[in-house]
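J.:
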DNA sequence: ATCGGTGTATTAATTCAATTAGTACAGTGC
DNA sequence: GCACTGTACTAATTGAATTAATACACCGAT
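Protein chains in written order, with the numbering used here: chain G, 1 to 129; chain X, 1001 to 1129.
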């Protein structure tokens, strides 16, 4: 488990850890049911506090990407990939909802919301095939 | 100019002031080219620091809702209503962009983004006529 | 049972941004 | 020059986020 952390470029350590692990799973470096380094071990490697690693793991557990067995260790969840997909959907839905609720609160007509949405999707090349 | 401020329900004073003034304009209580209370006067009324009022005015100026004449005072911009509309669009666009950029970064296919968007618009009854 | 491993809980130190205020400065017009 | 306008700069306060210290609780093998 070789993680490279950029010391404080603004992104919290625990989020960096969580992100690296999710990528490792997506790429296949970490396989379902495979063990993650222990909280203490990873903390030693990175010269940080065990609690910081624990927090990263907690984040991942909430996302359903990993699970823990008390006294034994932490493992990649069998449905890690699918869980990652659902988590993505949740994040995006929350952001979209925020925008839509704000628009509605400001009295913006649906047609205008749709127009802005369409422009943005187009700008980022996200046309439907 | 009677503003009622709920002391620290979490919303910053300067934002509350800006909001009240925008509503006053929208409702017609403040008319284009009409004067706003001076920074000092309003600060006295509200028993707060002039700089706090100034900050609220700065916010509104950035949004094109008011303008200042040095040494004379602050006035409602002629295009205040239209400016308010544009400001709304900017806010909503920024929020939507955040969501779309995040979705793209997470590798979510456009069809899925569109699906979530559609669901949300439907949930909030924002169908196009 | 106890040892060496696992994760957890509680609390505190630190840092950082946001908010507000104190105070002194600068422009305008009578 | 006086009385009014907004402005600049600095500092106090607060509150949330992040990280760490340290002590606790669980598991499995010896």
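By construction, the Cβ of each residue, glycine as well, lies at the ideal position given by its N, Cα and C atoms. Remember, it's a predicted structure, so these values are computed and weren't measured experimentally.
1) With 8 Å as the threshold, decide whether the Cβ of residue 1110 of chain X is near any Cβ in chain G.
2) Name the chain G residues whose beta carbon is nearer than 7 Å to that of residue 1127 of chain X?
3) Using CA coordinates, which residue listed in X:1096, X:1127, X:1014 is at the minimum distance from residue 1048 of chain X?
4) How should residue 1036 of chain X be labelled, buried or exposed, when 16 other C-beta atoms within 10 angstroms of its C-beta is the threshold for buried?
5) What are the boundary residues of the alpha helix (DSSP H) that residue 1068 of chain X is part of?
6) Can you give me the Cβ contacts of residue 67 of chain G inside the same chain, cut-off strictly under 8 Å, excluding the 5 residues immediately before and after it?
7) Looking only at C-alpha atoms, which of X:1033, X:1124, X:1104, X:1105 sits nearest to residue 102 of chain G?
8) Enumerate in chain order the residues of its own chain whose CB-to-CB distance from residue 59 of chain G is below 8 Å, with the five nearest sequence positions on each side excluded.
9) Just to confirm, is the Cβ distance from residue 113 of chain G to residue 1126 of chain X under 8 Å?
10) For a quick check, are the C-beta atoms of residue 1095 of chain X and residue 99 of chain G less than 8 Å apart?
11) Using beta carbons (cut-off 8 Å, strictly below), is residue 98 of chain G in contact with chain X?
12) Name the two residues that bound the continuous alpha helix (DSSP H) containing residue 1052 of chain X.
13) According to DSSP, residue 1074 of chain X sits in a beta bridge with which residue or residues?
14) My assumption, with CB atoms under 8 Å, is that residue 106 of chain G sits in contact with residue 1092 of chain X. Please give the rounded CB distance.
15) Taking the C-alpha atoms as reference points, what is the distance between residue 42 of chain G and residue 84 of chain G?
16) For the alpha helix (DSSP H) that contains residue 87 of chain G, what are its first and last residues?
17) Answer with buried or exposed for residue 11 of chain G, where buried requires no fewer than 16 other C-beta atoms within 10 angstroms of its C-beta.
18) Tell me the DSSP secondary structure of residue 1037 of chain X in three-state form.
T.: This is what the structure gives:
1) Taking the second chain and counting its residues from 1, the one referred to as residue 1110 of chain X is at position 110. Nearest CB-CB separation between residue 1110 of chain X and chain G: below the 8 Å threshold.
2) To locate residue 1127 of chain X, count along the second chain from 1; it is residue 127. Here the neighbours are 110.
3) Your numbering for residue 1048 of chain X matches position 48 in the second chain. Nearest to residue 1048 of chain X by alpha-carbon distance, out of X:1096, X:1127, X:1014, is X:1014.
4) One-based indexing of the second chain puts residue 1036 of chain X at position 36. Counting other Cβ atoms within 10 Å of its Cβ, residue 1036 of chain X reaches 16 or more and is therefore classed as buried.
5) Looking up residue 1068 of chain X in the second chain gives position 68. Element bounds for residue 1068 of chain X: not the alpha helix (DSSP H) but the beta strand (DSSP E), 1066-1069.
6) Stepping through the first chain from its first residue, residue 67 of chain G is reached at position 67. In the same chain as residue 67 of chain G, and ignoring 5 residues on each side of it, the C-beta atoms closer than 8 Å to its own belong to 61, 74, 75, 77, in chain order.
7) For the purposes of this step, residue 102 of chain G is taken as the residue at position 102 of the first chain. Ranking X:1033, X:1124, X:1104, X:1105 by Cα distance to residue 102 of chain G puts X:1124 first.
8) Working through the first chain from its first residue, we reach residue 59 of chain G at position 59. Cβ neighbours of residue 59 of chain G beyond the five flanking positions: 14, 15, 18.
9) One-based indexing of the first chain puts residue 113 of chain G at position 113. One-based indexing of the second chain puts residue 1126 of chain X at position 126. Residue 113 of chain G places its beta carbon less than 8 Å from that of residue 1126 of chain X.
10) Counting from 1 along the second chain, the entry for residue 1095 of chain X is found at position 95. Counting from 1 along the first chain, the entry for residue 99 of chain G is found at position 99. For residue 1095 of chain X and residue 99 of chain G, yes; Cβs fall inside 8 Å.
11) As a working note, residue 98 of chain G is residue 98 in the first chain. Yes, because at least one Cβ of chain X sits closer than 8 Å to the Cβ of residue 98 of chain G.
12) As a first step, residue 1052 of chain X is located in the second chain; it is residue number 52 there, counting from the start. From DSSP, the alpha helix (DSSP H) with residue 1052 of chain X extends over 1050-1062.
13) If you number the second chain from 1, residue 1074 of chain X lands on position 74. The beta-bridge partner set that DSSP reports for residue 1074 of chain X consists of X:1068.
14) As a working mapping, residue 106 of chain G is identified with position 106 in the first chain. As a working mapping, residue 1092 of chain X is identified with position 92 in the second chain. Residue 106 of chain G to residue 1092 of chain X, Cβ: 7 Å. Contact.
15) Looking up residue 42 of chain G in the first chain gives position 42. Looking up residue 84 of chain G in the first chain gives position 84. Rounded to the nearest angstrom, the two C-alpha atoms are 22 Å apart.
16) Here residue 87 of chain G refers to the residue found at position 87 when the first chain is read from its first residue. Counting along the chain, residue 87 of chain G sits inside the alpha helix (DSSP H) bounded by residues 80-105.
17) Taking the first residue of the first chain as position 1, residue 11 of chain G is located at position 11. A residue is called buried once 16 or more other Cβ atoms fall within 10 Å of its Cβ, and residue 11 of chain G, having fewer, is exposed.
18) For the purposes of this step, residue 1037 of chain X is taken as residue 37 along the second chain, with counting starting at 1. Assigned with DSSP and collapsed to three states, residue 1037 of chain X falls in coil, not helix or strand.
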